[in-house]
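Colleague:
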Amino acid sequence: MARRLTFYLVIAASLCFAMAFYLFKQFGGENQIVLDYLHSTAKLLNQLTQVQIDYSLTVQNPIQNIEIAGIAEKTGRILLYDQTLKKTVAATRLSNGSIKIVTLDISSPRVDALVFISDSAGALIFTNEPILLGSKLSTVMNIELDAFEATAMYKGKKFKVVQMTNERYGYKVTVAYPLANPFFNMIMLFVVLLSSGFVVLLVFLLERREKVFKNVVESLREILSEKFQIQSPSKNLPQLLKELDEQIENREQLLKRTVEEIKKIKENLQKFKRS
Numbered sequence: 006m007a008r009r010l011t012f013y014l015v016i017a018a019s020l021c022f023a024m025a026f027y028l029f030k031q032f033g034g035e036n037q038i039v040l041d042y043l044h045s046t047a048k049l050l051n052q053l054t055q056v057q058i059d060y061s062l063t064v065q066n067p068i069q070n071i072e073i074a075g076i077a078e079k080t081g082r083i084l085l086y087d088q089t090l091k092k093t094v095a096a097t098r099l100s101n102g103s104i105k106i107v108t109l110d111i112s113s114p115r116v117d118a119l120v121f122i123s124d125s126a127g128a129l130i131f132t133n134e135p136i137l138l139g140s141k142l143s144t145v146m147n148i149e150l151d152a153f154e155a156t157a158m159y160k161g162k163k164f165k166v167v168q169m170t171n172e173r174y175g176y177k178v179t180v181a182y183p184l185a186n187p188f189f190n191m192i193m194l195f196v197v198l199l200s201s202g203f204v205v206l207l208v209f210l211l212e213r214r215e216k217v218f219k220n221v222v223e224s225l226r227e228i229l230s231e232k233f234q235i236q237s238p239s240k241n242l243p244q245l246l247k248e249l250d251e252q253i254e255n256r257e258q259l260l261k262r263t264v265e266e267i268k269k270i271k272e273n274l275q276k277f278k279r280s
């Protein structure tokens, strides 16, 4: 019993250790994995957006806008969401000194994260969420920055956030990924601990039940053996053998007399038949 109980205790302890190690890895390694993914995604989207802007400025037909041309004249290039046109507008100063202004639609490959691309004023020019373009990013999510990380609350969930600003056009790429719920992990740990304790308790009760059953069987066996025990004869074995031999001899003599009597009866019957 002790060996079996120890075996199950080792199994339960191993399960608890494995679950604790898993949760530790979750808490410890999750941040780095998520951060690496968000940084890579932000870098990719930053490069793709810049390529789309450069391509549009090269092939798109220009539009006229005095206000945007004045800004581009001072900064050399600009990207913004025009609330009048309800379009994303890019402008750049060409080599001949003229300003070219175009409208464009930013697109993005599908990624497993929230994506917000905003102009230098914070107006959204692209998002994969059902949010109106031109809305301020600050009204969509409140990003909190500290010395270690950036987080934000969005639709009641907490997200880890990475932001990257484009040096050429000044737009900002924001990607966010939901954090794992630590409460769920604690519940899982509690369930594993409870299940392990239940297994140990069940094994202990089964072992106790088996021991009680064995004790009952042993008690019944003793009672029955005492009640139906065959008493040993008081006489010794040689005397018993002698008496047995005498009985056999007496029976043989009786059998001989019986046989002689039967022969006599047969002879008398034959005489009676002849007469």
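Residue numbers (our numbering): 6 to 280. Even glycine gets a Cβ: it sits at the ideal position worked out from N, Cα and C. Since the structure is predicted, the reported quantities are computational estimates derived from the model, not experimental observations.
Could you compute how far the alpha carbon of H44 sits from the alpha carbon of V167?
Modeller: So the alpha carbons of these two residues sit roughly 6 Å apart.
Colleague: Rounded to a whole number of angstroms, what is the C-alpha to C-alpha distance between T263 and L274?
Modeller: If I take the Cα positions, the gap works out to 17 Å.
Colleague: Quick check on the DSSP output: what are the complete alpha helix (DSSP H) runs of length 4 or more inside the region 59–134, in order along the chain?
Modeller: Correct list: 71–80.
Colleague: Taking buried to mean at least 16 other C-beta atoms within 10 Å of its own C-beta, is F60 buried or exposed?
Modeller: A small fix is needed here, since residue 60 is Tyr in this sequence, not Phe. Counting Cβ neighbours within 10 Å, Y60 comes out exposed, since fewer than 16 surround it.
Colleague: Can you find the residues in the same chain that come closer than 6 Å, C-beta to C-beta, to M169, ignoring five residues on each side of it along the sequence?
Modeller: Taken in chain order, the residues that qualify are A47, N51, V178.
Colleague: Taking L150 as part of the beta strand (DSSP E), name the residues at either end of that continuous run.
Modeller: 147–150 is the extent of the beta strand (DSSP E) around L150.
Colleague: If the criterion is Cβ atoms closer than 8 Å, does the pair A77 and I71 meet it?
Modeller: No, Cβ-Cβ distance for A77 and I71 is not below 8 Å.
Colleague: Would you mind working out which of S100, V180, Q65, S103 sits nearest V116, comparing C-alpha positions?
Modeller: The candidate whose alpha carbon is nearest that of V116 is V180.
Colleague: Going by Cα to Cα distance, which pick from N101, K160, T93 is closest to G139?
Modeller: Here the closest residue by C-alpha is T93.
Colleague: Check this for me: beta carbons of L90 and A128, under 8 Å apart or not?
Modeller: Cβ atoms of L90 and A128: not closer than 8 Å.
Colleague: For the putative contact between I111 and Q57, defined by C-beta atoms under 8 Å, what is the C-beta separation to the nearest angstrom?
Modeller: With 8 Å as the limit, I111 and Q57 qualify as a contact, their Cβ atoms being about 6 Å apart.
Colleague: Would DSSP call Y174 helix, strand or coil?
Modeller: In the structure shown, Y174 sits in coil (DSSP, three-state: anything other than H, G, I, E or B).
Colleague: Does K160 come out as helix, strand or coil in the three-state DSSP assignment?
Modeller: Correct three-state label for K160: coil.
Colleague: Should V120 and S113 be called a contact, given that it needs their Cβ atoms to be closer than 8 Å?
Modeller: Yes. Within cutoff.
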